[in-house]
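Per full-length UniProt numbering, the sequence shown starts with residue 1, numbered consecutively. What follows is a short report on a single structure.
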Amino acid sequence: MSELIISDLTGSASEFPPLENMTGLSRLMLRNCNISGKIPSYLAKMPQLQILDLSFNRLEGPIPNLDVLKKLELLYLTSNKLTGPIEDWIRSRNSKPADLSYNNFNESSVPTTCTENLNLFRSYNATKKSELGKCLSSNPCSKNWDSVHINCGGESVTIGDTTYEADENSAGAAKFFYWKESWGASNTGYFWGTNYAEASNYYKATNVSAIKGDDADLYTTARLSALSLTYYGRCLANGNYTVTLHFAEIVIRDNRSFRSLGKRMFDIYIQGERKLRDFDIRSLAGEVDKALIRKFNAVVEDGILEVRFLYAGKGTTAVPRRGSYGPLISAISFESNSKPSANHKKIVHIIAGAVTASLILIFAILFVSWRRSRNRISKEAELRGLDLLTGVFTIRQIKAATDNFDAANKIGEGGFGSVYKGTLLDGKVIAVKQLSSKSKQGNREFVNEIGMISGLQHPNLVKLYGCCAEGNQLLLVYEYLENNNLARALFGPEEHRLNIDWPTRQKICIGIAKGLAFLHEESSLKIVHRDIKATNVLLDKKLNPKISDFGLAKLDDEDNTHISTRVAGTIGYMAPEYALWGYLTYKADVYSFGVVALEIAAGKSIMTYRPNEKFVCLLDWVRNHNP
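Rendered as structure tokens:
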């Protein structure tokens, strides 16, 4: 047996079932089965296990070490009574989702940095009720909010005088949304029977027909969850609130097709109290694509207001399509019922006076900031003024391709910012480099260099598809290369290293040399790269090398024997005459190529070679071993 799924059992509590002989299981779900006791350690002896869901039980004690389960993609332990520390092996799972929300882990072991694929929402006994997660301590409340409006799963829309904030995150199987000061969300659940690689497509729904009315824009999208979805307001002023929930069934149809066969049912909790059981949007609205609004009263005592939508195992799970069951919500509003008192008005007048007295200082600061940011503001105009031989992308296209720069799509950190993997609507896979705001390179210089290399075409140079400049964003879109970079393949983490034979190593050296020869001699523009190193050599699926990262590249003046310039590059790869005196010629790239070739032959990094914990330069090591 490879799959065992049991859920929603009633009756008295029971111990964990004896499954130690079922070592071939790849998927195990024992959800809401009233299981008590500890999680058995024998689960670590199921090497094929890919999905483990033990959520909504009464499990206690620490989590056993399951680090040996290298195929484990999804781990759900939400809503139990687990205690003890959150071990390093769980925190280091990176892109593999794990949900530990609603448990009693040691507060001291909870990381202070939020990770989107590690859901630690209410995972520990906080000293304060208002603590939803340790990572929120880095985003303290700047004020007390008296209203929150969210367009679930959609972009920002304005209805009358009310603006509903955007909620466009792609979500996922175990995610903690935390980017807004006044609100966030926690999502738990994987749609069983769906393709895990495409799972992110199931957490947002788009209306397939038009809903009419003044507030129709609220129902063009919706947020979906396979199991549990919690929206929370934080930094709220204490008092009485009205919670307004907007629903419309925009997935299941109401016709004679198979899309009409589904039935969606879930429970609704506000401040931990169940308000509605077996809530069925289509049944209560009378039809699909019809707005349904429910209002509730709630009391905020610690600045927090929680609304939880919970799939309780009822309804359909596979029709009209996989991933169409579970909670669905279109929009949420939290509105304070309190009105400002006379004392409050006096305080407002006092604050207004203080603000007025501070305006001169503020204007002075703004003036200085304006002067410092003039060059930054002109970046978009500069880029659009170039005659680029590539395409121009919109920020909307790139956000859609990268799932709004989801951390799960981050594949590297370049010299000028983060690099993300993305997929365009036509299916083309791309790599997107996001220029960091901390980059010290001049805007005009950087933009001119992008224009300079946009027309370069060679099998051993990475292809630039295009760029994007909107507001203060500068993004470069490159071809995606499956095997990342040479440094990771040779001496990266053990799980990322590649077994590269000698003929392939020779091919890589020759490919890099051909790319440099093109830059130095064959291209119409003679270019010195200035930063040839193993991390700037990318590898495609056949391990063909491609030179990348032209952020430091310089045009060569053929009339001069060398260029005197500010030194830039990476220590260890720079030619001595360039590092010491700033004399730049093609020889600087040739020297750097020699260092990379040495790394390829030795399988050692020039930056990390430390025998006996004493630093020894790789060049010296080679010289000493080859008298």
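All C-beta atoms in this analysis are idealised placements derived from N, C-alpha and C, irrespective of residue type, glycine included.
- Here residue 491 has 605 as same chain residues with Cβ atoms under 6 Å from its own Cβ, once five neighbours each way along the sequence are excluded.
- Per DSSP, reduced to three states, the secondary structure at residue 182 is coil, with no helix or strand assignment.
- Cβ contact annotation for residue 41 (same chain, cutoff 7 Å, sequence separation greater than five): 64, in chain order.
- As the crow flies, the alpha-carbon of residue 522 is around 10 Å from that of residue 515.
- Burial of residue 78 is indicated by the presence of at least 16 other C-beta atoms within 10 angstroms of its C-beta.
- Scanning the region 465-542 from its first residue to its last, the whole alpha helix (DSSP H) runs of 4-plus residues come out as 486-491 and 502-517.
- Per the C-alpha coordinates, the member of 234, 150 and 299 positioned closest to residue 217 is 150.
- Taking the CA atoms as reference points, residue 215 sits about 24 Å from residue 202.
- Under the three-state reduction of DSSP output, residue 282 falls in the helix class.
- DSSP lists 53 and 99 as the bridge partner or partners of residue 76.
- Counted as a single uninterrupted DSSP element, the beta strand (DSSP E) harbouring residue 35 occupies residues 35-38.
- Inclusion of residue 512 and residue 405 in the CB contact set at 8 Å is not warranted, their separation being larger than that value.
- By the Cβ rule, the region 500-507 does not count as touching the region 460-470, because fewer than three pairs are nearer than 8 Å.
- Comparing alpha carbon positions, the residue from 478, 125, 96 and 102 closest to residue 116 is 96.
- As DSSP reads the structure, residue 299 sits in a beta bridge with 240.
- Judged by beta-carbon spacing, residue 24 lies within the 8 Å limit of residue 48, meaning their Cβ atoms are closer than that value.
- Taking C-beta atoms as the reference points, residue 190 and residue 114 fail to come closer than 8 Å.
- The count of Cβ pairs closer than 8 Å, one atom from the region 157-167 and one from the region 138-146, stays below three, leaving the stretches out of contact.
- Sorting 573, 235 and 602 by C-alpha distance to the C-alpha of residue 590 places 573 at the top.
- A Cβ-Cβ separation of about 14 Å leaves residue 333 out of contact with residue 240 under the 8 Å criterion.
- Residue pairing from DSSP places residue 119 in a beta bridge opposite 99.
- When rounded, the separation of the alpha-carbon atoms in residue 411 and residue 488 is 11 Å.
- Taking C-beta atoms as the reference points, residue 433 and residue 483 fail to come closer than 8 Å.
- As a beta-bridge residue in DSSP terms, residue 162 pairs with 159.
- In the three-state DSSP reduction, residue 13 falls in the coil class, being neither helix nor strand.
- Note: residue 114 is not bridge-paired with any residue in the DSSP secondary-structure output.
- Three or more beta-carbon pairs separated by less than 8 Å link the region 101-109 to the region 117-126, which places the two stretches in contact.
- With a 10 Å radius around the Cβ and a threshold of 16 neighbouring Cβ atoms, residue 299 comes out exposed.
- Cα atoms of residue 290 and residue 223: separation of roughly 16 Å, rounded to the nearest angstrom.
- Boundaries of the beta strand (DSSP E) harbouring residue 434: 429-435, taken from the DSSP string.
- DSSP places residue 190 outside both helix and strand once states are collapsed to three, so it counts as coil.
- Closest in alpha carbon position to residue 335, among 164, 176 and 603, is 164.
- The three-state secondary structure of residue 219, taken from DSSP, is helix.
- Within the DSSP secondary-structure output, residue 206 pairs in a beta bridge with 221.
- DSSP places residue 393 outside both helix and strand once states are collapsed to three, so it counts as coil.
- A direct Cα-to-Cα measurement between residue 245 and residue 192 gives close to 27 Å.
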